[in-house]
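The sequence shown finishes on residue 1555 if you use this note's numbering, and the numbering steps up by one all the way, no holes.
Glycine included, C-beta positions come from ideal geometry on N, C-alpha and C.
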Amino acid sequence: MSQQFTNLELPAEEWSPVRWAFHVWSWIALLVLFVLLEVFVDPLTASLVLCLKLGWRDLLVAMRLRTLRHARLAGAIGFFCLAQACFKVALAGILVGIAVVGYEALLGVPQPAERFLAGLLLLFSGLALGTMLVLFAAARCCQNHVRGWLDGTIYEHLLQPRVPLTCRGSFNRVPWLLRIGFVLISLLLWPGPIVAVVMVVARGNFAGLPIGLLFSAFWWWSVSPLWAALKDSARTPQECWD
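In structure tokens, the structure reads:
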């Protein structure tokens, strides 16, 4: 009989109110620390603390996966973990921007541009690096015939070096990471062909057509492994980890 999991992707017998309370209070403490650093220190320090909280587990998972005997699986899933960490950094950049705007709106104190630049730096660097790592992960999946699966249960034994990491949850994050990469690459490259078509239709100018075709070819080359990895992603954890 298959094992059922809760929404937290933890087996029912392993769910603990103490563990849940610890997670809740850790996030409350992080929020208080983030606000204090944002107000009294600088947004960059606050954002670094937030990035550390959001992404440290993914970085540690990627490092531990390098010790797996299955090098093909470790490479692909490790890149997905790093991409997930980068997207969390981008999320931290959004939160920093919201905090700066909220601080200015509540207190009526104009904020220097440097506070917004910290959030923008985290946002764009996280999105760029995350997209690149998703591309690497998809290429590894296609080259090594890995059916990707990643869920929250991989963190359960993260601090127990003798216990191998594995996934046994019910929600696969790999397809969503691939979709995010697909959307971001499309948003980056589609304006080239669109502008080229508009120039041809509106002005009869064919000068931008070669560049538009080049952008289209590069887009297709980039999204092909994403699409292939998405179609071949695992439907159960066993298809990837066993």
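Distance from the CA of Val1447 to the CA of Gly1406, rounded to the nearest whole angstrom, comes to 19 Å. Around the beta carbon of Val1476, fewer than 16 other beta carbons sit within 10 angstroms, so the residue counts as exposed.
Contact annotation: Gly1368 and Val1402 have beta-carbon atoms nearer than 8 Å. The shortest CA-to-CA distance from Ala1509 to any of Gly1525, Lys1366, Gly1494, Arg1516 is the one to Gly1525. In this model, Leu1404 and Phe1519 are separated by some 40 Å (Cα to Cα).
Distance from the CA of Trp1503 to the CA of Phe1531, rounded to the nearest whole angstrom, comes to 10 Å. DSSP, reduced to helix, strand and coil, places Gly1461 outside both helices and strands of the structure shown, so it counts as coil. Separation of Ser1438 and Gly1494 (C-alpha to C-alpha, rounded to the nearest whole angstrom) is 14 Å. For Trp1489, the closest alpha carbon among the candidates Pro1423, Gly1461, Ala1426, Pro1550 is that of Gly1461.
At a cut-off of 4 residues, not a single continuous stretch assigned as alpha helix (DSSP H) sits fully inside the region 1388-1449. Looking at the backbone, the Cα of Ser1499 and that of Val1409 are separated by about 26 Å.
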